[in-house]
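Chains A and B supply the protein sequences, listed in that same order.
Using the working numbering, count along the first sequence one by one with no gaps and you end on 441.
Using the working numbering, count along the second sequence one by one with no gaps and you end on 441.
For glycine and all other residues, C-beta sits at the position ideal for the given N, C-alpha and C.
Here is the structure we will look at.
Number of protein chains: 2
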Amino acid sequence: MSAEPRNRQQTLALRKQLIGSSCKLFFPEDPVKIIQAKGQYIYDENGNQYLDCINNVAHVGHCHPEVIKAAHQQNLLLNTNSRYLHDNLVDYAQRLSKTLPEKLCTFYFLNSGSEANDLALRLARQYTKHKDVIVIDHAYHGHLTSLIDISPYKFRNLDGQKEWVHVAPLPDTYRGLYRENHKDPATAYANEVKKIIDKAHQESRKFAALIVESLPSVAGQIIPPSGYFQKAAEHIHKAGGVFIADEIQVGFGRIGKHFWAFQLQGEDFIPDIVTMGKPIGNGHPVACVATTKEIAEAFSATGVEYFNTFGGNPVSCAIGLAVLDIIEKEELQTHALHVGSFFMELLKHQKAKHPLIGDIRGIGLFIGVDLVQDQEKRSPATKEAEYITTRFKEEFIILSTDGPGRNVLKFKPPLCFNTKDAELVVGKLDMILTELEKRKT
Amino acid sequence: MSAEPRNRQQTLALRKQLIGSSCKLFFPEDPVKIIQAKGQYIYDENGNQYLDCINNVAHVGHCHPEVIKAAHQQNLLLNTNSRYLHDNLVDYAQRLSKTLPEKLCTFYFLNSGSEANDLALRLARQYTKHKDVIVIDHAYHGHLTSLIDISPYKFRNLDGQKEWVHVAPLPDTYRGLYRENHKDPATAYANEVKKIIDKAHQESRKFAALIVESLPSVAGQIIPPSGYFQKAAEHIHKAGGVFIADEIQVGFGRIGKHFWAFQLQGEDFIPDIVTMGKPIGNGHPVACVATTKEIAEAFSATGVEYFNTFGGNPVSCAIGLAVLDIIEKEELQTHALHVGSFFMELLKHQKAKHPLIGDIRGIGLFIGVDLVQDQEKRSPATKEAEYITTRFKEEFIILSTDGPGRNVLKFKPPLCFNTKDAELVVGKLDMILTELEKRKT
């Protein structure tokens, strides 16, 4: 648009002038200008290649040619709303239904994970005729008013907790209430949900839903103990509420073992509502809510139309279908399992070597390295984590931190991330941790 | 995807099976399957061409080659989130800022008009530290929980009116409280806003915002009297609230005379927040909020990040820029003014001829034909309007109705709609109205 390409400082100056400063940059002290990407690599304006360890939106790889082709071919033909019949919409719903338990057979298409979680809440409330929601501590479910209300990660710094929101403890067996030495953390954490319900019932409150990220992400790359969802679901069902599994960060084969992260809990677990976003369209704004016939029917019984201007348009659905095709054709789910296991093995060797590493947890290409100041106390090594991500950037590797202590290095790369990338990352991690340890002594 | 293309009945059957029934089809008794589109025309699976009189999302014409090219070129390069610097984001904000009053100089990018209105409410509340909102009767501001709360069109059929929502009368000078014979309807309608404020102040309530569609659409293609916004803004400002102009349906040159519909009120009127959606990306999920430095700063003063996964990505911005380029290059704003005036002239002749037509109102390519059972009582001719849209469909012209009485034929075609299209539509309208009148006698 401009006659000459702007340099990074000029772009930054304009951004400061024109874009709301609530929209944060990575590495705000020294942000990166990215102009190109391919697979698991992104490139700055000087041609420097960075390994992208965190973009779970570019699920099948940045700029995947098959996704781009699908978008372009459909753009040439038609892009309109879903008030007309179109095969892409039904093809896409049918394909998604094959990945899910049979009960989850009704679909709504939208533009973002936030829109999906908002609709999930509306569905739950219309079906149950109740209002209250149980959320997991440190959860993040989106940027909309209704979702900030149910995101402890956000509301603690904004308007505070609404009376209809109840926060259950994070089922974190490393730093949480019940840890790896507890004989049955799944039941213990589920009982915490029951306690909340019992207490609220005494105050005559009624529950619409328990909403849980299938693998809590912002909370610090947490893997809930297996069986927790079943038991928590039993409690919320008895209270007349539904179980919403938020798969926005972790769905679509990332965890390797299964297509959906809630399936880690066991075959006997089926959520009432599943929300999808981020990776679903490899960067194109798409999202989806899957639910049961009963919940969908209760929602339509009001007679009020649900219309989403862009949701379910032929282009979005073509892109969604292409992403599913690629996951299958390139066997990315198996690949994620294989590379993830290899990566975890390498990281475990590092844990033995570096006292800063308190915990390594992960499944497939969802991995967290929990840094601690003290192995006993497990106190978050926040500053060290920040130093490490900055050093990684100097080594042309992009990663970031999660967790309330911002001390968990998170790895959620595009699924084409390979064993060589893992080796590179772990080699650099070893180097940087060694540097840090030297500085300390 | 399927081996053989499905016929319309098969697609319909699958849709009924898989898609939430709250998602309605046009012409539910006999829906249309659309597989292709170009300019102002859409095509069904049998190659039938329909003239599209209502899709204001396909703003510069369905499948505009320049939009498709911009999307494809950027898709080949990079599509990632706005936590990295990118020129498309700042170029786009800069271009939009040139269309707006200088004061509206801070931008947020999102994926849908609904996301934009939700953010507008968050901005207003954070800035004012107040909660209450005044909305206009019959307004529709989006499908999210927070927006159903402020959309009388929806909340009357759902959860009812929240205590923090106040409904001001629709400034409709044809069927509203103050009509064409009133000496100063702008002041009279603005005084209604003041009455609401005064009453609520007695109950110690405090106002965050007055939100108004610059031209109320679902409410029946309404053109508020000039000067109403200034006076209403004065009242809301005195109460400590802000004025949000919702341009989602009508922005980007549709009205011909100006680029933004709020500019119809006069040069002295400047909203505090403007929300944009639908036409902004010609069908691609994009949206925008423009606001003042002061409001943006109050929002970021909380320290809480605003992150929108897909919002402001390089592809969305490239598409948004292409749409602005096309509006300029093809002089679509002037075209809308010219064709709209021509269309209005033709329609006025019909009014003289057909007693079913109670009112013709419009500006540029935003036009409403208000059908009445009785010229005196102005009672909505709901059934007749439904019959007319069904008959139009048989004549391969797609239009629909708006207004609480669903009796206002609405015209919001892609801006490439031309005088020949207008002649065709008015000829058919004459024919169908004549049919109807014959049947009545």
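Contact between isoleucine 327 of chain B and glutamine 333 of chain B holds, with the beta-carbon distance rounding to 6 angstroms and staying under 8 angstroms. For the C-beta of aspartate 118 of chain A, the chain B residues within less than 7 angstroms are, from N- to C-terminus, Leu144 and Thr145. Of all alpha-carbon atoms in B/Leu158, B/Val90 and B/Glu180, the one lying nearest the alpha-carbon of arginine 122 of chain A is that of B/Leu158. Counting along the chain, the unbroken alpha helix (DSSP H) around serine 316 of chain B starts and ends at 314-329. Assignment of lysine 131 of chain A by DSSP, reduced to helix, strand and coil, places it in the coil class.
By the criterion of a C-beta distance shorter than 6 angstroms, lysine 154 of chain A is surrounded in its chain by Ile148, once the five residues flanking it on both sides are discounted.
For the pair proline 414 of chain A and glycine 113 of chain A, the CB atoms are not nearer than the 8 angstroms cut-off.
Shown here is that no member of the region 385-403 of chain A has a Cβ falling below 8 angstroms from a Cβ of chain B.
Neighbourhood of glycine 113 of chain A in chain B, by CB distance below 7 angstroms: Thr309, in chain order.
Scanning chain A for C-beta atoms nearer than 7 angstroms to the C-beta of proline 285 of chain B yields Asn111, Pro285 and Phe310, reported in chain order.
Under the three-state reduction of DSSP, threonine 434 of chain B is assigned to helix. For the region 248-281 of chain A, the residues whose beta carbon sits under 9 angstroms from a beta carbon of chain B are, in order, Ile248, Gly277, Lys278 and Gly281. Apart from sequence neighbours up to five positions away, the residues of its chain that approach phenylalanine 366 of chain B with a beta-carbon distance below 7 angstroms are Leu215, Gln221, Val250, Arg254, Ile255 and Lys412, ordered along the chain. Using a Cβ-Cβ cut-off of 8 angstroms, glutamate 163 of chain B does not count as an interface residue toward chain A, since no Cβ of chain A sits closer than that to its own. Sorting B/Arg439, B/Pro404, B/Ile398 and B/Gly403 by C-alpha distance to the C-alpha of lysine 428 of chain B places B/Ile398 at the top. Membership of serine 300 of chain B in the alpha helix (DSSP H) is indicated by the continuous run 293-300.
Residue nearest to alanine 385 of chain A within the set A/Leu51, A/Gly311, A/Lys377 and A/Gln373 is A/Gln373 (criterion: CA-CA distance).
For lysine 383 of chain A, the enclosing alpha helix (DSSP H) has its first and last residue at 382-394. Here the region 59-73 of chain A lies against the region 282-295 of chain A, with 3 or more beta-carbon pairs under 8 angstroms apart. Among the bridge pairs identified by DSSP, tyrosine 43 of chain B is matched with B/Gln36 and B/Gln49.
For the set A/Thr309, A/Phe396, A/Glu213 and A/Gln230, the Cα lying nearest the Cα of isoleucine 223 of chain A is the one of A/Glu213. At least 8 angstroms separates the beta-carbon of isoleucine 34 of chain A from that of valine 133 of chain A. Residue contact with chain B for asparagine 7 of chain A: absent (no Cβ-Cβ distance below 8 angstroms to any residue of chain B). Against chain A, the CB of isoleucine 327 of chain B has no partner CB under 8 angstroms away; the residue lies outside that interface. Residue-level contact check: aspartate 370 of chain B does not touch chain A, since none of the beta carbons of chain A fall below 8 angstroms from its beta carbon. Bridge pairing for leucine 210 of chain A: A/Ile134 and A/Phe243 [DSSP]. Taking 8 angstroms as the cut-off, the beta carbon of arginine 378 of chain B is found closer than this to the beta carbon of arginine 175 of chain B. Out of A/Phe307, A/Glu437 and A/Ile136, the CA that lies nearest to the CA of leucine 371 of chain A is found in A/Glu437. Bridge pairing for isoleucine 360 of chain B: B/Val369 [DSSP].
Membership of leucine 409 of chain A in the beta strand (DSSP E) is indicated by the continuous run 408-411. The alpha helix (DSSP H) runs of length 4 or more contained entirely in the region 111-174 of chain A are, from start to end of the chain, 113-128, 145-148 and 152-155. Taking CB atoms only, phenylalanine 207 of chain A has no neighbour in chain B less than 8 angstroms away. C-alpha of leucine 110 of chain B to C-alpha of arginine 83 of chain B: approximately 14 angstroms in a straight line.
Residues of chain B whose Cβ lies closer than 8 angstroms to the Cβ of histidine 86 of chain A are, in chain order, Thr11, Lys33, Ile34 and Ile35. Note: alanine 287 of chain B is bridge-paired with B/Leu110 in the DSSP secondary-structure output. Using a Cβ-Cβ distance cut-off of 8 angstroms, the region 344-357 of chain A and the region 91-110 of chain A are not in contact, since fewer than three pairs of beta carbons, one from each stretch, lie closer than that value.
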